[in-house]
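All remarks here apply to the structure that follows.
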Amino acid sequence: MSIEITISHDDFDIAVLHDALQIGNVQQGAVVTFTGLVREFSHGDNVVALELEHYPQMTEQLLLSIAEQAQNRWQLGRISIYHRIGYLPLGEQIVFVGVSSKHRQSAFDGAQFIMDYLKTQATFWKKEHFSHSSQWVEFKASDVQAQQKWAAD
Amino acid sequence: MSIEITISHDDFDIAVLHDALQIGNVQQGAVVTFTGLVREFSHGDNVVALELEHYPQMTEQLLLSIAEQAQNRWQLGRISIYHRIGYLPLGEQIVFVGVSSKHRQSAFDGAQFIMDYLKTQATFWKKEHFSHSSQWVEFKASDVQAQQKWAAD
Amino acid sequence: MVTGNDAEQVKLLFFGQLKERLQCASYNLAIKQPLSIKQLKSHLISLQPSWQAALNNDLLIAAVNQQIAQQQAIVKGGDEVAFFPPVTGG
Amino acid sequence: MVTGNDAEQVKLLFFGQLKERLQCASYNLAIKQPLSIKQLKSHLISLQPSWQAALNNDLLIAAVNQQIAQQQAIVKGGDEVAFFPPVTGG
Numbered sequence: 150m151s152i153e154i155t156i157s158h159d160d161f162d163i164a165v166l167h168d169a170l171q172i173g174n175v176q177q178g179a180v181v182t183f184t185g186l187v188r189e190f191s192h193g194d195n196v197v198a199l200e201l202e203h204y205p206q207m208t209e210q211l212l213l214s215i216a217e218q219a220q221n222r223w224q225l226g227r228i229s230i231y232h233r234i235g236y237l238p239l240g241e242q243i244v245f246v247g248v249s250s251k252h253r254q255s256a257f258d259g260a261q262f263i264m265d266y267l268k269t270q271a272t273f274w275k276k277e278h279f280s281h282s283s284q285w286v287e288f289k290a291s292d293v294q295a296q297q298k299w300a301a302d
Numbered sequence: 150m151s152i153e154i155t156i157s158h159d160d161f162d163i164a165v166l167h168d169a170l171q172i173g174n175v176q177q178g179a180v181v182t183f184t185g186l187v188r189e190f191s192h193g194d195n196v197v198a199l200e201l202e203h204y205p206q207m208t209e210q211l212l213l214s215i216a217e218q219a220q221n222r223w224q225l226g227r228i229s230i231y232h233r234i235g236y237l238p239l240g241e242q243i244v245f246v247g248v249s250s251k252h253r254q255s256a257f258d259g260a261q262f263i264m265d266y267l268k269t270q271a272t273f274w275k276k277e278h279f280s281h282s283s284q285w286v287e288f289k290a291s292d293v294q295a296q297q298k299w300a301a302d
Numbered sequence: 025m026v027t028g029n030d031a032e033q034v035k036l037l038f039f040g041q042l043k044e045r046l047q048c049a050s051y052n053l054a055i056k057q058p059l060s061i062k063q064l065k066s067h068l069i070s071l072q073p074s075w076q077a078a079l080n081n082d083l084l085i086a087a088v089n090q091q092i093a094q095q096q097a098i099v100k101g102g103d104e105v106a107f108f109p110p111v112t113g114g
Numbered sequence: 025m026v027t028g029n030d031a032e033q034v035k036l037l038f039f040g041q042l043k044e045r046l047q048c049a050s051y052n053l054a055i056k057q058p059l060s061i062k063q064l065k066s067h068l069i070s071l072q073p074s075w076q077a078a079l080n081n082d083l084l085i086a087a088v089n090q091q092i093a094q095q096q097a098i099v100k101g102g103d104e105v106a107f108f109p110p111v112t113g114g
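Residue numbers (the numbering used here), protein chains in the order written: chain A, 150 to 302; chain B, 150 to 302; chain C, 25 to 114; chain D, 25 to 114.
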C-alpha cells in the first residue's frame with residue numbers, strides 16, 4: 150500500500166516506475182499504466198510543444214487525495230503518479246499513472262479513475278505552442294463527463 | 150498502425166515494449182498497458198509457480214484477430230501483445246498488452262477489450278503449482294461476463 | 025493394418041487438463057470417410073474406451089484446422105482436430 | 025501607507041491564462057477585515073480596474089489556502105488565495 154507522487158521538469162523512466170509497482174509485490178497480479186505524450190495535432194494545427202504549469206503544493210495534495218480515493222475504492226496495492234511541468238516538445242512524455250491490484254478490472258478502473266480526476270481536478274494548466282503562435286488549452290466538457298461517470302456508480 | 154504478437158518462454162522487457170509503442174509515434178498521445186504477474190494467492194493456497202501451455206499457431210492467429218478487432222473498433226495506433234509460456238515462478242511476468250491511441254478513453258477501452266478477449270478466447274491453459282500439489286485453473290464465469298459486456302455496446 | 029488404402033489420417037491434439045487426463049498430446053486417427061466431430065469422438069472412444077469420460081465433457085471445445093468448430097462440423101483426412109477445455113490464459 | 029496597523033495582507037496567486045492576462049503571478053493585497061471571495065474580488069478590481077473583465081469570469085475557480093473555495097468563503101489576513109481557470113493537465 151504505497152502512493153508515490155512526483156511533479157518534475159525532468160523526464161521519467163517507464164522501466165523504473167514500472168519496476169517500483171511490481172518488484173517484490175507478489176500480492177498484486179495486475180499492473181495497469183497510462184502514459185500521456187505530446188502529440189502532433191490539435192484543432193487541425195501542428196503542435197510543436199506543450200507548456201505545463203501548476204500550483205505547487207496544492208497539486209501534490211490533490212493528486213494524493215485522488216490516489217487515496219482510488220486506493221480505497223478498489224483496494225489497490227501500489228499507485229504511482231508522475232506529472233511533468235515546463236516546456237515539453239513533440240513526442241515528450243507528459244504524465245504517467247500506474248497502479249497495481251489483485252485483479253485486472255480494478256487495476257483498469259483505478260488507473261482510469263485517477264486519470265479522469267487528474268484531468269478535471271489537479272491544478273495543472275497547459276499551453277499549446279504551434280509554429281507561429283500559442284494558446285492556452287480550454288477545458289473539455291468530455292473530460293468533465295468522464296470524471297462524473299465515476300460518481301454515478 | 151502496427152500489431153506485434155509474441156509468444157515466448159523468455160521474459161519481456163517493459164521498457165523495450167513501451168518504447169516500441171511510443172517512439173516516433175507523434176500521432177498517438179495515449180499509451181495504456183496491462184501487465185499480468187504470477188501472484189501469491191489462489192483459493193487460499195500459496196502459489197509457487199504457474200505453468201502455461203498453448204496451441205501453437207492457433208494462439209497467434211487468435212491474438213492477431215483480437216488485436217485487429219480492437220484496432221478497428223477504436224482506431225488504435227500500435228498494439229503489442231506478449232504472452233509467456235512454460236514454468237513461471239512467483240512474481241514473474243506472464244502477459245503484456247499495450248496500445249497507443251489518440252485519446253485516453255480509447256486506449257483504456259482497447260487494452261481492456263484485448264485482455265478480456267485474450268482471457269476467454271486465446272488458446273492458453275494455466276496450471277497452478279502449490280508447495281505440494283498442482284491443479285489446472287478452471288475458467289471463470291466473471292471472465293466470460295467481462296468479455297460479453299463488449300458485445301452489448 | 026487399419027490404415028489401408030481407403031483410410032486417411034486425422035491428426036488429433038489435446039491440451040491442458042485433457043492432455044494430462046488422456047496422457048496423450050497427439051494421436052493419429054484413421055478414418056474411412058468424412059465424419060462429424062461428434063462421430064469422430066465416438067470412433068475415438070471405440071478405440072480408446074478409457075477416454076470416454078474425459079471426452080464426453082460438454083465443456084470441451086473442438087477446433088478443426090485451428091478454427092473453433094461445432095459438433096456438426098465435418099472432419100476429413102488430412103485435417104488437424106484439437107480438443108481442449110475452456111482457455112485460462114492471461 | 026495602505027498597510028497600516030489595522031490592515032492585513034492576503035497573498036493572491038494567479039495561474040494559467042489568467043496569470044498571462046493580468047501579467048501578474050502573485051499580488052499582495054491589504055484588507056482591513058475578513059472578506060468573502062466575492063468581496064475580495066471587488067476590492068481587488070477597485071485597485072486594479074483593468075483586471076475587471078479577466079476576474080469577472082464565471083469559469084474562474086478560487087482556492088483559499090490551497091482548498092477549493094466558493095464565492096461566499098471568508099478570507100482573512102495571512103491567507104493565500106488563488107484564482108485560476110479550469111484545469112487542463114494530464
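Note that CB positions come from ideal geometry on N, CA and C, so glycine has one too.
All values derive from a computational prediction rather than experimental measurement.
Beta carbon of residue i nearer than 7 Å to that of residue j
| i | j | result |
| --- | --- | --- |
| residue 77/C | residue 46/C | no |
| residue 163/B | residue 228/B | no |
| residue 230/A | residue 212/A | yes |
| residue 178/B | residue 188/A | yes |
| residue 105/C | residue 36/C | yes |
| residue 288/B | residue 201/B | no |
| residue 170/B | residue 180/B | yes |
| residue 97/D | residue 61/D | yes |
| residue 258/B | residue 223/B | yes |
| residue 85/D | residue 108/D | yes |
| residue 296/B | residue 265/B | yes |
| residue 245/A | residue 208/A | no |
| residue 267/A | residue 40/D | no |
| residue 186/A | residue 237/A | no |
| residue 248/B | residue 269/B | no |
Residue i, DSSP secondary structure in three states
| i | result |
| --- | --- |
| residue 108/C | strand |
| residue 215/B | helix |
| residue 182/A | strand |
| residue 248/A | strand |
| residue 296/A | helix |
| residue 172/A | coil |
| residue 290/A | helix |
| residue 27/C | With a pLDDT of 46 at residue 27/C, under the threshold of 50, the predicted position of this residue should be treated as unreliable, and no value is reported. |
Any C-beta of chain B under 7 Å from that of residue i
| i | result |
| --- | --- |
| residue 113/C | yes |
| residue 102/C | no |
| residue 110/C | yes |
| residue 188/A | yes |
| residue 39/C | yes |
| residue 90/C | yes |
| residue 212/A | no |
Closer than 7 Å to chain G by CB, residue i
| i | result |
| --- | --- |
| residue 204/A | Although the question refers to chain G, the structure presented lacks it and instead comprises the protein chains A, B, C and D. |
Residues sharing a beta bridge with residue i, DSSP
| i | result |
| --- | --- |
| residue 54/D | 33/D |
| residue 235/B | 201/B |
| residue 277/B | 199/B, 284/B |
| residue 157/B | 233/B |
| residue 260/B | Answer by DSSP bridge pairing: none, since residue 260/B is not bridged. |
| residue 87/D | 92/D, 106/D |
| residue 242/A | 186/A |
| residue 38/C | 107/C |
| residue 255/B | Per DSSP, none; premise fails for residue 255/B. |
| residue 45/C | Paired residue(s): none; residue 45/C is not in a bridge. |
Below-7 Å beta-carbon distance, residue i vs any chain A residue
| i | result |
| --- | --- |
| residue 156/B | no |
| residue 278/B | no |
| residue 107/D | no |
| residue 166/B | no |
| residue 233/B | no |
| residue 253/B | yes |
| residue 296/B | no |
| residue 246/B | no |
| residue 47/D | no |
Element boundaries [alpha helix (DSSP H), containing residue i]
| i | result |
| --- | --- |
| residue 68/C | 61 to 71 |
| residue 76/C | 76 to 79 |
Proximity test, Cβ basis, 7 Å: residue i and chain C
| i | result |
| --- | --- |
| residue 273/B | yes |
| residue 288/B | yes |
| residue 299/B | no |
| residue 267/B | yes |
| residue 223/B | no |
Residue i at chain D interface by Cβ criterion, 7 Å
| i | result |
| --- | --- |
| residue 185/A | yes |
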